[in-house]
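Colleague: I have a structure I would like to understand better, so I am pasting it below and will then ask my questions one at a time.
Numbering (our numbering), first residue to last: 4 to 385.
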């Protein structure tokens with residue numbers, strides 16, 4: 004193929020990430036203007052400096068541009084495989100994982116099958132046009148495309164997804180794992196949501212590519228739960244089989260059974276008798292207390308665990324830092340402290356903290372598309 008040598012235009016570099024600019028400079032590193040810009044450092048050199056070196060009037064960097072030729076017609080058949088390109092020579096093949104401007108061919112249409120994991124069973128099919136890159140094994144009829152361009156074109160289409168969410172593909176080498184192509188941090192997709200280092204995505208011969216969209220909220224809940232499960236499993240009694248109960252003690256071990264009882268005793272000893280009586284009566288008179296106490300010593304269902312967290316959190320929010328009534332003997336300040344809340348509920352610090360955190364997280368989604376029990380079941384995989 005005839006090649007035309009020209010200097011880079013700013014438009015050539017507009018959508019390139021740092022790794023792409025580094026690759027372009029290193030391809031012609033001998034042309035880097037050391038005297039004016041100093042030594043090129045891939046990890047430290049500013050992106051604006053690299054763009055200046057590539058596009059300035061005195062720049063010696065050049066880009067090989069294919070000669071103009073008629074564009075290949077795009078067949079409007081969703082299931083027709085894309086035409087196979089001629090096998091590129093060794094000098095034309097891009098390095099694995101490296102995206103360079105000269106490695107892009109003309110636009111071709113591929114069908115994207117998008118599965119939204121936020122709504123079970125919902126799948127969206129949409130056709131987008133992306134620049135297809137010739138793979139090393141072109142004879143197999145497979146193609147590769149830039150992950151950034153796939154996401155950009157998808158989000159610019161009528162099939163765009165609102166965030167916060169992650170768009171990814173299944174890892175072909177590790178089934179069950181997902182390679183994330185972009186993370187939409189806000190409601191709308193922004194250019195900086197794409198990863199800093201785009202990857203080449205294999206497009207099958209069928210011309211279809213399956214993407215998955217995962218809700219970031221689910222990932223947050225999953226992380227919180229497994230973080231708690233790991234802590235409980237490593238410090239609780241053996242043979243728990245990963246099942247959590249509301250009364251699981253984080254500090255139980257053969258040497259701390261006695262000290263645990265001392266800690267519980269010390270909580271009540273810090274209160275006067277009248278303080279303990281008053282705060283205990285407040286807890287017992289609160290709706291749902293009987294179920295709360297019953298659930299402290301048995302394994303719970305998802306909905307029961309949610310109610311357990313909510314009761315402890317609501318009681319703590321109501322009475323923590325509330326004023327003690329007049330006329331009772333006080334052990335300290337005039338306001339209710341956490342030791343009084345723990346004494347009334349019969350909870351240790353870790354248990355109460357977990358209840359407060361989990362009630363807050365479940366509350367975020369309670370008024371949303373998922374009910375609280377569904378959040379625990381679908382996000383925690385209990």
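Where a beta carbon is used, it is the ideal one built from N, C-alpha and C, also for glycine.
Skipping 5 residues on each side, what residues in its chain have a beta carbon closer than 6 Å to that of residue 277?
Modeller: For residue 277, where only same-chain residues beyond five positions count, the Cβ hits under 6 Å are 331, 332.
Colleague: Taking 7 Å as the limit between beta carbons, can you name the residues of its chain near residue 273, skipping five residues before and five after?
Modeller: Closer than 7 Å at the Cβ level, and outside the excluded window around residue 273, lie 334, 342.
Colleague: For residue 297, is the classification buried or exposed, using 16 other Cβ atoms within 10 angstroms of its Cβ as the cut-off for buried?
Modeller: Classification of residue 297: exposed, given that the 10 Å Cβ count is below 16.
Colleague: Under 6 Å Cβ to Cβ from residue 373, same chain only, skipping five residues before and after it: list those, please.
Modeller: For residue 373, the pLDDT reaches just 46, beneath the cut-off of 50, and the residue's location in the model is therefore unreliable, leaving the point undetermined.
Colleague: Please report the residue range of the beta strand (DSSP E) in which residue 154 lies.
Modeller: Counting along the chain, residue 154 falls outside any beta strand (DSSP E), though it belongs to the alpha helix (DSSP H) covering 150-158.
Colleague: Give the DSSP-derived three-state secondary structure of residue 287 in the structure shown.
Modeller: Helix.
Colleague: Span of the alpha helix (DSSP H) holding residue 306?
Modeller: Start and end: 305-322.
Colleague: Go to residue 16, then tell me how far its alpha helix (DSSP H) extends in each direction, as first and last residue.
Modeller: Looking at the DSSP string, the run of the alpha helix (DSSP H) that includes residue 16 is 13-16.
Colleague: Should residue 327 and residue 309 be called a contact, given that it needs their Cβ atoms to be closer than 8 Å?
Modeller: No, they are not a contact pair.
Colleague: Would DSSP call residue 300 helix, strand or coil?
Modeller: Helix.
Colleague: If residue 363 sits next to residue 352, beta carbons under 8 Å apart, how far is it from one beta carbon to the other, in whole angstroms?
Modeller: The Cβ separation is near 17 Å, so there is no contact.
Colleague: Taking only the alpha-carbon atoms, compute the straight-line gap between residue 354 and residue 177 and give it to the nearest angstrom.
Modeller: Cα to Cα, residue 354 sits roughly 37 Å from residue 177.
Colleague: Flag this pair as yes or no: are the beta carbons of residue 12 and residue 58 separated by less than 8 Å?
Modeller: Contact: yes.
Colleague: Residue 171 bridges to which residues according to DSSP?
Modeller: Beta-bridge pairing links residue 171 to 183, 215.
Colleague: Residue 133 to residue 152, Cα distance in whole Å?
Modeller: Straight-line Cα distance between these residues: approximately 7 Å.
Colleague: Determine the DSSP secondary structure at residue 147, reduced to helix, strand or coil.
Modeller: Looking at residue 147 - three-state DSSP - the assignment turns out to be strand.
Colleague: Can you round the beta-carbon distance between residue 65 and residue 30 to whole angstroms, since I take them to be within the 8 Å contact cut?
Modeller: The Cβ separation is near 10 Å, so there is no contact.
Colleague: With H, G and I counted as helix, E and B as strand and the rest as coil, what does DSSP make of residue 326?
Modeller: DSSP places residue 326 in strand when its eight states are reduced to three.
Colleague: For residue 22, which of helix, strand or coil comes out of DSSP?
Modeller: Correct three-state label for residue 22: helix.
Colleague: Taking DSSP's pairing of strands, which residues face residue 203 in a bridge?
Modeller: Residue 203 pairs with 149.
Colleague: What would DSSP say about residue 30, mapped onto helix, strand or coil?
Modeller: The answer is helix: DSSP assigns residue 30 an H, G or I state.
Colleague: Measure the CB-CB distance between residue 214 and residue 170 and report whether it falls below 8 Å.
Modeller: Their beta carbons are under 8 Å apart, which means residue 214 touches residue 170 by this criterion.
Colleague: So the alpha helix (DSSP H) residue 54 belongs to, where does it begin and stop?
Modeller: Note, residue 54: alpha helix (DSSP H), 50-58.
Colleague: Could you check where the alpha helix (DSSP H) with residue 38 kicks off and where it finishes?
Modeller: Unbroken alpha helix (DSSP H) run through residue 38: 37-40.
Colleague: Should residue 284 be labelled buried (16 or more other beta-carbon atoms within 10 Å of its own) or exposed?
Modeller: Answer is exposed; the Cβ neighbour count stays below 16.
Colleague: Give the secondary structure of residue 342 by DSSP, where H, G and I count as helix, E and B as strand, and everything else as coil.
Modeller: Three-state DSSP puts residue 342 in a helix.
Colleague: Output the distance between the C-alpha atoms of residue 15 and residue 42, rounded to the nearest integer angstrom.
Modeller: For residue 15 and residue 42, the distance between alpha carbons rounds to 24 Å.
Colleague: With a Cβ-Cβ cutoff of 8 Å, do residue 286 and residue 184 count as a contact?
Modeller: No, these two residues do not count as a Cβ contact at 8 Å.
Colleague: Should residue 38 be labelled buried (16 or more other beta-carbon atoms within 10 Å of its own) or exposed?
Modeller: It counts as exposed.
Colleague: So, with DSSP's three-state summary, where would you put residue 177?
Modeller: Three-state result, residue 177: coil.
Colleague: Since residue 164 and residue 216 are thought to touch, with beta carbons under 8 Å apart, how far apart are those beta carbons, to the nearest angstrom?
Modeller: Going by Cβ atoms, the distance from residue 164 to residue 216 rounds to 5 Å, so yes, they are a contact pair.
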